[in-house]
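Q: The sequence shown begins at 2 in the numbering used here and counts up by one.
Note that the Cβ used here is the ideal one computed from N, Cα and C, for glycine as well.
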Amino acid sequence: MKRILVYLATVVFFAVASGTDVAAQHSAALEEAKKAIAESNAIYFQSFAKGDSSIFINRYAEDACIMAPNSPALCGAAAPLQFFRLAYNDIGLRNGKFITQEVYGAGEGYVVEVGLWQSFNAKGELFDDGKFLVLWKKTTRGWKMYRDSFSSNRQH
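1. Report the rounded CA-to-CA distance for E109 versus A43, giving the unit in angstroms.
2. Give the DSSP-derived three-state secondary structure of F46 in the structure shown.
3. In chain order, what residues of the same chain lie with their CB nearer than 6 angstroms to the CB of Q102, ignoring the 5 residues before and after it?
4. Between which two residues does the beta strand (DSSP E) holding L134 run?
5. Among L127, N122, V113, whose alpha-carbon lies nearest the alpha-carbon of A30?
6. Out of Y105, T141, Y147, which has the shortest C-alpha to C-alpha gap to T36?
7. Under 7 angstroms Cβ to Cβ from R107, same chain only, skipping five residues before and after it: list those, please.
8. Out of A123, S55, S152, E40, which one is the CA nearest neighbour of D173?
9. Go ahead and pull the three-state DSSP assignment for A124.
10. May I have a chain-ordered list of the beta strand (DSSP E) segments no shorter than 3 residues that lie completely inside the region 64-120?
11. Which two residues bound the contiguous beta strand (DSSP E) that contains R1?
12. If you measure between the beta carbons of Y45 and K145, is that distance less than 8 angstroms?
13. Can at least three beta-carbon pairs, one atom from the region 65-74 and one from the region 93-100, be found at a separation below 8 angstroms?
14. For the candidate residues T140, T141, A50, N154, whose alpha-carbon lies nearest to that of L94?
15. Out of K124, A79, E32, K132, which has the shortest C-alpha to C-alpha gap to N96?
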């Protein structure tokens with residue numbers, strides 16, 4: 002009987018210890034993702050200010066989908082360049098701002114970011130704002146936007 006109690010105590014100890022390890026690893030991975038997202042968001046709109054699509058393209062996974070309002074989703078390796086050209090040439094986007102409200106884990110290698118955005122034209126005037134939901138994916142090139150969905154708060 003004593004052996005069984007010692008065995009059960011040992012099993013419980015290692016189960017609790019490994020659970021703490023898993024929680025710590027999950028927390029560390031989430032903090033890593035939050036840091037990468039903040040860094041990516043900090044330079045995202047530089048692509049429009051500088052007219053440099055490569056900065057924009059590098060924010061996205063190769064199999065990303067950009068799901069803009071009132072249009073079909075743009076998916077695949079060419080999607081970021083397509084969207085950049087549309088936003089830069091047709092809409093006149095020249096700068097912007099992301100305001101992250103939440104980032105939470107969505108399974109191994111994925112996190113979700115929820116927030117607000119603002120868009121500015123060449124004169125620095127705010128011309129649109131809204132909300133976004135981005136599913137980020139951990140890739141061999143770091144954390145990249147995998148599914149980018151957003152909508153305006155304005156009636157156009």
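A: In short, the structure shows the following:
1. 25 angstroms
2. coil
3. V115, G116
4. 127-140
5. V113
6. First, the amino acid is wrong: residue 36 is Lys here, not Thr. Minimum Cα distance to K36 is reached at Y105.
7. The displayed chain sequence assigns Ala, not Arg, to residue 107. Within the same chain, A107 has close Cβ partners V113, L136.
8. Given a span of 2 to 157 for the chain in the structure shown, any question on residue 173 remains unanswerable.
9. First, the amino acid is wrong: residue 124 is Lys here, not Ala. Correct three-state label for K124: coil.
10. 96-106
11. In the structure as shown, the chain begins at 2 and stops at 157. Residue 1 is therefore absent and cannot be evaluated.
12. no
13. no
14. A50
15. K124
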